[in-house]
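Encoded as structure tokens, the structure appears first; notes follow it.
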Amino acid sequence: MKILVTGGAGFIGTALVKRLLKDGHHVRVLDDYSRGVPERLKSIAKEIETIQGDVRDFAQVDAATKGIELVYHLAAVNGTENFYKQPDRVLEVAVKGTMHTMDAALKHGCRRYILASSSEVYQEPTHVPTKEDERIIVPDVKNPRFSYSGGKIIGELLALHYLAKRGVEAVVFRPHNIYGPDMGHEHVVPQFFERLAPLRAQKKTGVLPFEIQGDGTETRSFCFIDDAVTGIVLVAEKGKSGELYHIGTEEEVSIRDVALLMAKIMGLSIAIVPGKRVEGSTPRRCPDIGKMRALGYNPSVDLKEGIKRTCEEEWKKFQKAS
Numbered sequence: 046m047k048i049l050v051t052g053g054a055g056f057i058g059t060a061l062v063k064r065l066l067k068d069g070h071h072v073r074v075l076d077d078y079s080r081g082v083p084e085r086l087k088s089i090a091k092e093i094e095t096i097q098g099d100v101r102d103f104a105q106v107d108a109a110t111k112g113i114e115l116v117y118h119l120a121a122v123n124g125t126e127n128f129y130k131q132p133d134r135v136l137e138v139a140v141k142g143t144m145h146t147m148d149a150a151l152k153h154g155c156r157r158y159i160l161a162s163s164s165e166v167y168q169e170p171t172h173v174p175t176k177e178d179e180r181i182i183v184p185d186v187k188n189p190r191f192s193y194s195g196g197k198i199i200g201e202l203l204a205l206h207y208l209a210k211r212g213v214e215a216v217v218f219r220p221h222n223i224y225g226p227d228m229g230h231e232h233v234v235p236q237f238f239e240r241l242a243p244l245r246a247q248k249k250t251g252v253l254p255f256e257i258q259g260d261g262t263e264t265r266s267f268c269f270i271d272d273a274v275t276g277i278v279l280v281a282e283k284g285k286s287g288e289l290y291h292i293g294t295e296e297e298v299s300i301r302d303v304a305l306l307m308a309k310i311m312g313l314s315i316a317i318v319p320g321k322r323v324e325g326s327t328p329r330r331c332p333d334i335g336k337m338r339a340l341g342y343n344p345s346v347d348l349k350e351g352i353k354r355t356c357e358e359e360w361k362k363f364q365k366a367s
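Every number in my numbering is 45 more than the matching position in the sequence shown, counting from 1.
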């Protein structure tokens, strides 16, 4: 099958592209490399088509979609810092990018369209674990943090009530805290690693103070990249058009415990020091993955094993760069 992956040089996008190649598909990547890293695709560069382009430019999206049967739309501006500093860009990429890829899919007769949404759409879930039919809201339109989740909500509405109504099968997945080696620098796991690695390199001993945002009691569910990609492919293959699916695990853990686990794996002992809480952050977030299990999804990498693999790979890179 001929497949387009927007944001294909990103963390999740690269892993997805490699999986699709392994499954025998012809893959085309559209990425402007503003956040994606071309080097991630270096090992498979001769096996894929790559187009450097911006999803905000319809002409570029149109050209990239020609001859395509299936679209995975992953391109987005993620990272909490970006939500606050560039909410206009976050929204522009979300809204224009989604509209452009959908209109191109309609124009070129694509059979199926898979939209990456986000667990960020759940700001105040009434039930945890949370099902896909949970209410989604923007608590404060004046808070730029919600530029990202707001853009994702708009994307979901477009997928279900615009694209799917016009003849292209549209399926939405909401990923929950995907992590793994080569993740980047804008999320909790890599940020913790970047702070712990120098301490390990310096062979620090004793109980070391480690400041985090808030008191660390906020909970999340983390999903290892291999399990996430398996889920995303399953959504494309078996997901029902007009439906939403969670990609994640039901292993709820506090941010405090994530930091303690990472420190232990890296041979360090830390004492959590509460810091300033980020305005608009969500106390609890963990998905119910019953709908995905019904498709055959069964995530196999638990948090301890996934963090171990991640730290081992990132430590190798840290040592090489030192």
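Think of the CB as a built atom: it goes at the ideal place given N, C-alpha and C, for glycine as much as any other residue.
* **Residues near GLU239 in its chain [Cβ-Cβ closer than 6 angstroms; skip 5 each side]** => none
* Asked: Residues in its own chain within less than 8 angstroms of ILE57 by CB, not counting five upstream and five downstream?
  -> LEU119, ALA161, PRO220, ILE223, ILE270, ALA273, VAL274 and ILE277
* Measure the C-alpha to C-alpha separation of GLN258 and ILE334 and round it to an integer number of angstroms. => 28 angstroms
* Would you mind working out which of CYS268, ARG156 and ALA104 sits nearest ARG211, comparing C-alpha positions? => ARG156
* Asked: Quick check: the stretch 60-70 against the stretch 82-93, are there 3 or more CB pairs under 8 angstroms?
  -> yes
* To do: Can you tell me which of the three DSSP states TYR342 falls into?
  => coil
* To do: Could you check what DSSP says for CYS356 in three-state terms: helix, strand or coil?
  => helix
* PHE128 and PRO189: beta carbons closer than 8 angstroms? -> yes
* Take THR355 and list the residues in its own chain whose beta-carbon comes closer than 7 angstroms to its own, dropping the five residues that flank it on each side. => TYR224, GLY225, PRO226 and VAL234
* Asked: What are the boundary residues of the beta strand (DSSP E) that includes VAL298?
  -> 297-299
* **ALA109 versus SER299 - alpha carbon distance** => 41 angstroms
* Put HIS291 into one of helix, strand or coil per three-state DSSP. => strand
* How about GLY287 and ALA242: do their beta carbons lie closer than 8 angstroms? -> no
* Among VAL252, THR175, SER79 and ALA339, nearest to CYS331 - alpha-carbon criterion -> THR175
* Asked: Which residues in the same chain have their Cβ closer than 8 angstroms to the Cβ of PRO184, if we skip the five residues on either side of it in sequence?
  -> GLN168, GLU169, PHE191 and GLY325
* What number of angstroms, rounded off, separates the C-alpha of LYS67 from the C-alpha of ASP347? -> 24 angstroms
* List the residues that DSSP assigns as beta-bridge partners of GLN131. => For GLN131, which the question treats as bridged, DSSP gives no partner whatsoever.
* To do: Indicate the three-state DSSP secondary structure (helix, strand or coil) for SER266 in the structure shown.
  => strand
* If you count every other CB in all the chains shown that lies within 10 Å of the CB of MET262, and 16 or more means buried, which is it? -> Before going further, note that residue 262 is Thr rather than Met in the sequence given. THR262 should be labelled exposed.
* To do: Identify every run of the alpha helix (DSSP H) within the stretch 60-122, keeping only runs that are complete inside it and at least 4 residues long; order them along the chain.
  => 103-110
* In whole angstroms, what is the alpha-carbon distance linking PRO236 and ASP99? -> Note that residue 236 is Gln in the sequence shown, not Pro. Those two C-alpha atoms are separated by around 27 angstroms.
* What separation, rounded to the nearest whole angstrom, lies between the Cα atoms of ILE159 and GLY112? -> 17 angstroms
* Could you name the residues of the same chain whose beta carbon sits closer than 7 angstroms to that of ASP260, not counting the 5 residues immediately before and after it, in chain order? => PRO319
* **Start-to-end residues for the beta strand (DSSP E) that takes in LEU244** => Where LEU244 is concerned, there is no enclosing beta strand (DSSP E), although the alpha helix (DSSP H) it sits in stretches over 233-246.
* **Minimum C-alpha distance to HIS70 - residue among GLU114, ALA54 and ASP76** => GLU114
* Let me know if ASN123 comes out buried or exposed under the rule of 16 or more other beta-carbons within 10 Å of its beta-carbon. => buried
* Are the beta-carbon atoms belonging to SER314 and VAL252 less than 8 angstroms from one another? -> yes
* **For ILE57, three-class secondary structure by DSSP** => helix
* Measure how close the beta-carbons of ARG73 and ILE96 come, nearest whole angstrom, since I'm counting them as under 8 angstroms. => 7 angstroms
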